[in-house]
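Just so you know, UniProt numbering puts 99 at position 99 of the sequence shown, and the rest follows in order with no gaps.
Heads up, the beta-carbon is just placed ideally off N, CA and C, and yes, glycines get one too.
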Amino acid sequence: MSSLLLQLVRAHAALATAMLQRLDLVAPQELVLLFLQEHGPTPQSKLVHFLGRDRSTVTSTLQTMERAALITRVPSSADRRAMIITLSDKGRGLCPRIRELWSELERRTFGGLTDDQRTELARTLTELRQGLTPAAIRRTDDDHEGVATDEH
1 MSSLLLQLVR
11 AHAALATAML
21 QRLDLVAPQE
31 LVLLFLQEHG
41 PTPQSKLVHF
51 LGRDRSTVTS
61 TLQTMERAAL
71 ITRVPSSADR
81 RAMIITLSDK
91 GRGLCPRIRE
101 LWSELERRTF
111 GGLTDDQRTE
121 LARTLTELRQ
131 GLTPAAIRRT
141 DDDHEGVATD
151 EH
């Protein structure tokens with residue numbers, strides 16, 4: 001099952017990557033653009049948290065996006081060490097196309113499923129994801145503490 005899941009994730013990511021290339025974007029640039037469209041000017045630290053990536057990786061992504069004129073980065077007036085990220089007109093113009101791309105990706109990935117199958121798949125995937133949260137993993141580790149294992 002894990003192998004099959006990994007194959008699905010890789011195929012889905014490869015398709016998404018190819019589709020994003022049509023817009024001259026790479027992951028997670030589309031997430032940044034949609035986040036900024038929804039939330040407006042945002043401190044860079046909030047994007048780091050949202051993306052769940054390390055600060056240096058997000059900084060590199062944002063610098064690339066700034067060079068492509070998709071966003072602007074300016075020091076915060078409240079804290080000169082903090083950067084505020086704002087969607088540019090060019091970036092804003094891509095957001096409807098990104099949403100269309102995501103709809104197409106979802107159709108291509110899940111279009112062969114009935115509504116009931118989609119609902120059940122979403123429920124199952126959510127349940128599986130919740131089992132892999134850091135807290136759930138810690139509980140599993142705690143359950144195995146003190147248990148003798150026969151490792152040779």
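Tell me the residue span of the beta strand (DSSP E) that contains P75. 71-75 is the span of the beta strand (DSSP E), which, as asked, contains P75.
How is L87 classed by DSSP in three states: helix, strand or coil? In the structure shown, L87 sits in a strand (DSSP, three-state: E or B).
Rounded distance between the beta-carbons of A82 and S45, thought under 8 Å: Rounded, the Cβ-Cβ distance is 7 Å, consistent with contact.
Kindly list the residues whose CB is nearer than 7 Å to the CB of D150, restricted to its own chain and excluding five residues on each side of it in sequence; keep chain order. A caution first: D150 carries a pLDDT of 49, below 50, which makes its placement in the model too unreliable to give a value.
Please give the ranges of any beta strand (DSSP E) in the UniProt domain "HTH marR-type" (1-130), keeping only runs that are unbroken, at least 3 residues long and fully inside the region. As far as the UniProt domain "HTH marR-type" (1-130) is concerned, its whole beta strand (DSSP E) runs of at least 3 residues are 71-75, 83-87.
Beta-carbon separation (whole angstroms), T61 vs P28, contact threshold 8 Å: That pair is a contact at about 7 Å.
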